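Engineer:
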Amino acid sequence: MHTPPMTMISSESRIKWLAFILLVFMGGVGTLPYLTNRSVQHTMAQLKVTSAKERHYQSILALVVDAETGQRGFILTGKEEFLQPYHAAVSMIEPLRATLWQESTDPGEREALASIKVSLDLKLGLMAETIAMRREQGFAAAEKVVAAGAGRTHMEILRNLIGGELSSLSVHRDELRDKLTRGARNAMYISAAVNIAEMILLAVALLVGLRSLRARANAERLAAENTEALRRAAAASELRNQQLAVSADMLHALECVSTVEEASLIVSTFCRKLVPGVSGSLYLYRNSRDTLERKARWGELADDADVIEPEQCWAVRRGTVHFCAGDGDLHCRHGSADHAGAGPRVCMPLVTQDAVLGCLTLYAAPAQHDIFDRQRELLATLSEEISMSMSNIKLRETLRLQSIIDPLTDLYNRRYMDETLRRELIRSQRSAKPLAIVVLDLDHFKRTNDTYGHDGGDTILKRVAQVLLTNIRACDVACRFGGEEMVVLLPDCDIGLAAQRAEVIRGLIEALQVTHGGHTVRTTASLGVAGYPDHGAEPAALFQAADKALYQAKHDGRNRVVRAAAR
0 MHTPPMTMIS SESRIKWLAF ILLVFMGGVG TLPYLTNRSV QHTMAQLKVT SAKERHYQSI
60 LALVVDAETG QRGFILTGKE EFLQPYHAAV SMIEPLRATL WQESTDPGER EALASIKVSL
120 DLKLGLMAET IAMRREQGFA AAEKVVAAGA GRTHMEILRN LIGGELSSLS VHRDELRDKL
180 TRGARNAMYI SAAVNIAEMI LLAVALLVGL RSLRARANAE RLAAENTEAL RRAAAASELR
240 NQQLAVSADM LHALECVSTV EEASLIVSTF CRKLVPGVSG SLYLYRNSRD TLERKARWGE
300 LADDADVIEP EQCWAVRRGT VHFCAGDGDL HCRHGSADHA GAGPRVCMPL VTQDAVLGCL
360 TLYAAPAQHD IFDRQRELLA TLSEEISMSM SNIKLRETLR LQSIIDPLTD LYNRRYMDET
420 LRRELIRSQR SAKPLAIVVL DLDHFKRTND TYGHDGGDTI LKRVAQVLLT NIRACDVACR
480 FGGEEMVVLL PDCDIGLAAQ RAEVIRGLIE ALQVTHGGHT VRTTASLGVA GYPDHGAEPA
540 ALFQAADKAL YQAKHDGRNR VVRAAAR
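For what it's worth, numbering that gives the first Met the number 0 labels the leading residue of the sequence shown as 0, then goes sequentially.
(1) Check whether the Cβ atoms of Glu292 and Leu283 lie closer than 8 Å to each other.
(2) Expressed to the nearest angstrom, what Euclidean distance is found between the alpha-carbon atoms of Arg559 and Glu483?
(3) Evaluate Asn286 with the Cβ neighbour count: other Cβ atoms within 10 Å of its Cβ, from every protein chain shown; 16 or more gives buried, anything less gives exposed.
(4) By the three-class DSSP mapping on this structure, what secondary structure does Glu509 have?
(5) Return yes when the Cβ of Ser382 is within less than 8 Å of the Cβ of Leu349, no when it is not.
(6) Taking its Cβ as the centre, do 16 or more other Cβ atoms sit within 10 Å of Thr2, making it buried, or is it exposed?
(7) Which residue comes first and which comes last in the alpha helix (DSSP H) that contains Thr258?
(8) Assuming contact is defined by CB atoms lying nearer than 8 Å, are Thr98 and Leu175 in contact in what I supplied?
(9) Which term fits Pro538, buried or exposed, when burial requires 16 or more other beta carbons within 10 angstroms of its beta carbon?
(10) Measuring straight from C-alpha to C-alpha, what distance separates Lys553 and Ala564?
(11) Locate the alpha helix (DSSP H) running through Leu119, then write down its first and last residues.
(12) Check whether the segment 367-384 and the segment 257-276 are in contact - that is, three or more C-beta pairs closer than 8 Å.
(13) Per the contact definition of three or more C-beta pairs closer than 8 Å, is the segment 432-444 in contact with the segment 388-402?
(14) Between the Cα of Gln465 and those of Ser118, Asp409, Arg158, spot the shortest distance and give me the residue it belongs to.
(15) In the DSSP assignment, find the alpha helix (DSSP H) that holds Ile404 and state where it starts and stops.
(16) Excluding the five sequence neighbours on either side, which residues of its own chain have a C-beta within less than 8 Å of the C-beta of Leu549, listed in chain order?
(17) If you follow the alpha helix (DSSP H) that Tyr85 is in, where does it begin and where does it stop?
(18) How should Asp555 be labelled, buried or exposed, when 16 other C-beta atoms within 10 angstroms of its C-beta is the threshold for buried?
(19) Quick check on DSSP: helix, strand or coil for Leu394?
(20) So, for Cys474: in the same chain, excluding its five sequence neighbours on each side, which residues have a beta-carbon less than 6 Å away from its beta-carbon?
(21) Do the segment 162-171 and the segment 53-61 make contact, defined as three or more Cβ pairs closer than 8 Å?
(22) Please report how far the alpha carbon of Met7 lies from the alpha carbon of Gly325, in whole angstroms.
(23) Out of Glu142, Ala341, Thr522, which one is the CA nearest neighbour of Tyr451?
(24) Mind checking Pro433: buried by the 16 CB within 10 Å criterion, or exposed?
(25) Taking just the CA atoms, how far does Tyr415 sit from Arg421?
(26) Residues in its own chain within less than 6 Å of Gln551 by CB, not counting five upstream and five downstream?
(27) Tell me, please, whether the segment 77-95 touches the segment 148-158 by the rule of three or more beta-carbon pairs shorter than 8 Å.
(28) Using the Cβ count rule (16 or more neighbours within 10 Å means buried), how would you classify Met5?
(29) Taking the DSSP output, what are the residues bridged to Arg562?
(30) Assuming Val513 contacts Arg462 under a Cβ cut-off of 8 Å, what Cβ separation, rounded to an integer in Å, is found between them?
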């Protein structure tokens, strides 16, 4: 019986120990990216919560300003329609404050929220008191309470309290962003160190293996397998770190935009980097919630329709990720009708708070048959981040529109008109171009209300608003100033052309025949026209000139256009 030489037994022992060390080391290396990823994801989640809190505090302050604007308008005019922004703001403040209370866990923050609630209750209570006083006792009594300055004091306290919380949140957000940047940078350093260590260990393994197992035929196979395993581990670690860094950049960019269009462009840009070589489409529900519209596309394989129905996508219907790898799988009907030879695809619903916002669809070439199976964790994180960002952007857009749009007529409100007039005047002064303003007031509108009721008056206002919206340029701005008075701003338009446009609008309003309650209701309008630079370079001067022209039109018999007199 042949006894193996001691050198062979020793070589086999060294190989076993080396293999054991390699397995232990690779196992330890495999946990580093996971731990780094967990840390980065935790920081990203904290950053989302902090950003959401900042938006809630800013929204509360903006809503209080809107409520105060409505209160002042009502006290000055006594018209109930000026209270529309007040009621809208009051109904939205408490849900936002309650959300902040639920999201806060720090005792100091809860103490500040309690103080903010007290200030909010005092401020809103005083506003409600002055509104009731204006209704019951008239302008003088309400004006006396407003002039006492208690409301201004409550507002300053509220601004200081919310400002303090915003400052703290801003500092915390900057700290989290620094932490996120450090985490991504550390992940890259760890990856580089691991790669170097793996190469060194591989070199040692190769030297020991070649020296110890030169006589054995499987030495090359073992070394090759170890090399390939280490190479794959290093490549996977490097890819994960790159994806973490790109995801952090995408999240940061999405926090800085304010419209869905900008966000869609960012998603398409970063998806090319996160999943290279893959095409895709981003679909979002339209406001009607009956169809989904494609907001972005990238790559050459994104051949779906621009508008799809919810029933055409399995991911939207079921609310879960849907993979399709071949002819044996369920195919979404919004994809290509020719499934033969098609590559794998995945549809991911964009879900937030149990509501589906849309879906993200990715397409790969047939040769990339397992690309989505290898990146399921990345795809789940990607859809979650996009869902949260799109939800926040839509919330900001909704709050913005509610603060600048008149709910009855869909025209811009007085607040937006004031901002736009100031901005357009500055632009006209810089570019040396004219700017015109048309002030419109419906004739005998009180008589219309008395005859046909407020519903009839509201119907007239809506139809007149539609006349304005369909007969002005894309760059023009139509606003409801208050009651039956409306304003149109016409950039880059001299007073002569503005008067011609006003005459067209006057004629269309005169031709209106509105049916209400079985009656045909007609109306006319008087319009005053003024312009920069002919009638001033300040918003107040320009508006006053147009308003005087309007009253001249009323004095001359109504249903006419009058240009402001030259200064």
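C-beta atoms are modelled at their ideal positions from N, C-alpha and C, and glycine is treated no differently.
Source: prediction; values computed, not measured.
Structural biologist: Taking the structure as given:
(1) Within the sequence shown, the letter at position 293 stands for residue 292. Within the sequence shown, the letter at position 284 stands for residue 283. Yes, they are a contact pair.
(2) In the sequence shown, counting from the first residue as 1, residue 559 sits at position 560. In the sequence shown, counting from the first residue as 1, residue 483 sits at position 484. Going by the C-alpha atoms only, they are around 16 Å apart.
(3) Residue 286 sits at position 287 when you count from the first residue of the sequence shown. Asn286 counts as exposed, since fewer than 16 other C-beta atoms from the protein chains shown sit within 10 angstroms of its C-beta.
(4) On the sequence shown, position 510 is the one that residue 509 refers to. Reduced to three states, the DSSP call for Glu509 is helix.
(5) Here residue 349 refers to the residue found at position 350 of the sequence shown. Here residue 382 refers to the residue found at position 383 of the sequence shown. Yes.
(6) Here residue 2 refers to the residue found at position 3 of the sequence shown. Here the model assigns Thr2 a pLDDT of 49, short of 50, so the residue's position is not dependable and the matter cannot be decided.
(7) As a first step, residue 258 is located in the sequence shown; it is residue number 259 there, counting from the start. First-last for Thr258: undefined, no H or E at that position.
(8) Residue 98 sits at position 99 when you count from the first residue of the sequence shown. Residue 175 sits at position 176 when you count from the first residue of the sequence shown. Taking 8 Å as the cut-off, the Cβ atoms of Thr98 and Leu175 do not count as close.
(9) In the sequence shown, the residue the question calls residue 538 occupies position 539. With 16 or more Cβ atoms within 10 Å of its Cβ, Pro538 is classed as buried.
(10) Stepping through the sequence shown from its first residue, residue 553 is reached at position 554. Stepping through the sequence shown from its first residue, residue 564 is reached at position 565. In this structure, the straight-line span from the alpha carbon of Lys553 to that of Ala564 is close to 15 Å.
(11) Start at 1 with the first residue of the sequence shown, and residue 119 comes out as number 120. Element bounds for Leu119: 106-136.
(12) Result yes; three or more Cβ-Cβ pairs closer than 8 Å.
(13) These segments do not touch.
(14) Here the question's residue 465 lines up with position 466 in the sequence shown. Minimum Cα distance to Gln465 is reached at Asp409.
(15) In the sequence shown, the residue the question calls residue 404 occupies position 405. First-last for Ile404: undefined, no H or E at that position.
(16) In the sequence shown, counting from the first residue as 1, residue 549 sits at position 550. These residues qualify, in order along the chain: Val438, Leu439, Asp440, Ser525, Leu526, Gly527, Val561.
(17) As a working note, residue 85 is residue 86 in the sequence shown. Here the alpha helix (DSSP H) through Tyr85 covers 83-102.
(18) As a working note, residue 555 is residue 556 in the sequence shown. Per the 10 Å Cβ criterion, exposed.
(19) Mapped onto the sequence shown, residue 394 falls at position 395. Helix.
(20) Here the question's residue 474 lines up with position 475 in the sequence shown. Once the five neighbours on either side are set aside, the close Cβ partners of Cys474 are Pro490.
(21) These segments touch.
(22) Position 8 of the sequence shown, counting from 1, holds the residue named residue 7. Position 326 of the sequence shown, counting from 1, holds the residue named residue 325. With a pLDDT of 48 at Met7, under the threshold of 50, the predicted position of this residue should be treated as unreliable, and no value is reported.
(23) Taking the first residue of the sequence shown as position 1, residue 451 is located at position 452. If you compare the alpha carbons of Glu142, Ala341, Thr522 with that of Tyr451, the shortest gap goes to Thr522.
(24) Translated into positions along the sequence shown, residue 433 becomes position 434. Pro433 comes out buried.
(25) Stepping through the sequence shown from its first residue, residue 421 is reached at position 422. Stepping through the sequence shown from its first residue, residue 415 is reached at position 416. C-alpha separation (whole angstroms): 10 Å.
(26) Counted from its first residue, the sequence shown places residue 551 at position 552. Within the same chain, Gln551 has close Cβ partners Val561.
(27) no
(28) On the sequence shown, position 6 is the one that residue 5 refers to. With a pLDDT of only 48 at Met5, under 50, the local geometry of the prediction cannot be trusted, and the value read off the model is given with reservation. By the neighbour-count definition (other C-beta atoms within 10 Å, threshold 16), Met5 is an exposed residue.
(29) Here residue 562 refers to the residue found at position 563 of the sequence shown. For Arg562, which the question treats as bridged, DSSP gives the partners Val528.
(30) Position 514 of the sequence shown, counting from 1, holds the residue named residue 513. Position 463 of the sequence shown, counting from 1, holds the residue named residue 462. About 5 Å separates the two Cβ atoms, so the contact holds.
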